[in-house]
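Visitor: Numbering (the numbering used here), first residue to last: 4 to 258. I have a structure here, written as C-alpha cells, and I will follow up with some questions on it.
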Amino acid sequence: MIVRGDQIRALREERGHTLQDLAKRANLSLSYLSEIERGSKRPSLKTIEKLAAALNVSKTQLIKGDITDTGLSPGDRIRIMRAEKNLSLQDMAQRAGISLSYLSDIERGTVYPALNTLKRIAGGLEVSVSSIMGSEGSLGHKLKVLREEYGLTQAQLANLAGVTAGLIGQIEHSKVQPSLKTLEKLAEVMGVSPCYFIMEPGAVDQILNLMNPELREMLMHPNVQSVLNLVTNLNEKELQFVLNFIQLFKRSELN
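And the structure:
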C-alpha cells in the first residue's frame, strides 16, 4: 500500500490546517503525521480512514493507484486471487459454500467474514488464510501499528512495558513470539486486551455465531459485563484463583 504523503500535506494546507490541527482532528501524534506526510511511515488502513475523515475526502485520494489494486483488505485480496484463477463470483461462492451476495459483500468490504468463512474461501482458492489476511493479522504488525499511532518509538514502548527495545523489534518483525506475561505488559501500556494481539480476525464473530440466543443475551447483562471487564485485567495467578473458586462452587452445588 502506497500512501500519498504529499497529497495529505497538500489537502491539509488547502484547508488551512497546520500539522497540529490535522493531528488533533485525526487523533494522531504530531510526529507520526509528519512522518506520514514525508513518506517515511506507512500508516494502517485505520489511520488512512481517520485522515480521510478529518480532511473530508475519500480514502482513495490518499492512496496511489486504484484502491482495489493495493491489497488494503482481505476482500480486495480475495477478489484479486479469484480473478487470477479466472473464477466468477458465482464459481467462488459455490467453492466456498456461501451465497453469491455474501461473497460480493465480503469483496466490497461491507462485511467482515467469520474465521470459518475465511477458511472456506481460502480452501476454494487453494491458498492459506494468512495469504488472504496478509501481515495485518500478525501479532507483530498489530503491535507496530498501535505503537506508531501512539507516537512511541520501540525504545519508549520497551521502557513503559519494562522489556528491552530489542525484544520489541523482534516481536514486530515476527522473529519471536512473546510470552503471555510480556503480552499482558504490552497490552496494558497500549490500553487493549491481550486478546487483541492473539485472536485471529473474525474469531470473535465466529464464537458469537456459535452461541445460542439465550447465552448471547446473558453475556450482554450488565452484571456479566462487569465480571468480564474485571477478568480481562487479571494476571495468570489471579485468573487461576477465580477458576478454582468456580470449580469449588460448582462441586458444592452438586453436593
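Ideal placement from N, C-alpha and C gives every residue a C-beta, glycine not left out.
Under 7 Å Cβ to Cβ from Val148, same chain only, skipping five residues before and after it: list those, please.
Guide: Closer than 7 Å at Cβ, skipping near neighbours: Ser47.
Visitor: I believe Leu25 touches Arg15 by the beta-carbon criterion, under 8 Å. Please report the beta-carbon distance rounded to the nearest angstrom.
Guide: That pair is a contact at about 5 Å.
Visitor: If contacts are defined as beta-carbon pairs under 8 Å, then Ala57 and Ala29 qualify, I think. What distance do you get, rounded to the angstrom?
Guide: The Cβ separation is near 4 Å, so the contact holds.
Visitor: With DSSP as the reference, please indicate the residues paired to Ile66 in a beta bridge.
Guide: BP columns for Ile66 point to Val6.
Visitor: Thinking just about the alpha-carbon of each residue, which of Glu17, Gly19, Ala55, Ala13 is nearest to the one in Leu31?
Guide: Answer by Cα proximity: Ala55.
Visitor: Can you tell me whether Pro225 is buried or exposed? The criterion is at least 16 other CB atoms within 10 Å of its CB, across all chains shown.
Guide: Classification for Pro225: exposed.
Visitor: In this structure, does DSSP put Gln180 in helix, strand or coil?
Guide: Gln180 falls in the coil class under three-state DSSP.
Visitor: Classify Leu246: buried if its beta carbon has 16 or more other beta carbons within 10 angstroms, exposed otherwise.
Guide: That one is exposed.
Visitor: Residue range of the alpha helix (DSSP H) that Tyr105 falls in?
Guide: Run containing Tyr105: 103 to 111, per the alpha helix (DSSP H) assignment.
Visitor: Does the beta-carbon distance from Ile39 to Gly8 come in below 7 Å?
Guide: Yes, they are a contact pair.
Visitor: In terms of residue numbering, what span does the alpha helix (DSSP H) encompassing His144 cover?
Guide: Note, His144: alpha helix (DSSP H), 142 to 152.
Visitor: Where Ser255 and Phe248 are concerned, what is the direct C-alpha to C-alpha distance, given to the nearest angstrom?
Guide: Rounded to whole angstroms, Ser255 to Phe248 spans 11 Å at the Cα level.
Visitor: Where Gln250 and Pro181 are concerned, what is the direct C-alpha to C-alpha distance, given to the nearest angstrom?
Guide: Between Gln250 and Pro181, the C-alpha separation is close to 30 Å.
Visitor: Terminal residues of the continuous alpha helix (DSSP H) containing Ser34?
Guide: Where Ser34 is concerned, the enclosing alpha helix (DSSP H) stretches over 33 to 41.
Visitor: Check each candidate in Lys184, Asp108, Val192 and name the one with the smallest Cα separation from Glu241.
Guide: It is Lys184.
Visitor: Using a 10 Å radius around the Cβ and a threshold of 16 neighbouring Cβ atoms, would you call Gln93 buried or exposed?
Guide: So Gln93 counts as exposed.
Visitor: Should Thr120 go down as buried or exposed, given a rule of 16 or more other Cβ atoms within 10 Å for buried?
Guide: Classification of Thr120: buried, given that the 10 Å Cβ count is 16 or more.
Visitor: Gln243: buried (16+ other C-beta within 10 angstroms of its C-beta) or exposed?
Guide: It counts as exposed.
Visitor: Any C-beta of chain C sitting closer than 7 Å to the C-beta of His176?
Guide: Any reference to chain C falls outside this structure, which holds one protein chain only.
Visitor: Would you mind reading off the limits of the alpha helix (DSSP H) that contains Pro77?
Guide: From DSSP, the alpha helix (DSSP H) with Pro77 extends over 77 to 87.
Visitor: In chain order, what residues of the same chain lie with their CB nearer than 8 Å to the CB of Glu52, ignoring the 5 residues before and after it?
Guide: The answer, listed in chain order, is Lys62.
Visitor: With a threshold of 6 Å on Cβ separation, who are the neighbours of Asp69 within its own chain once the five nearest residues in sequence on each side are excluded?
Guide: Summary for Asp69: the model assigns pLDDT 44, below 50, so the residue's position carries little reliability; its value from the coordinates is reported in the next sentence. If we look at Asp69 and ignore the five residues flanking it on each side, it has no Cβ neighbours.
Visitor: Locate the alpha helix (DSSP H) running through Leu162, then write down its first and last residues.
Guide: Contrary to the premise, residue 162 reads as Asn rather than Leu in this sequence. From DSSP, the alpha helix (DSSP H) with Asn162 extends over 157 to 164.
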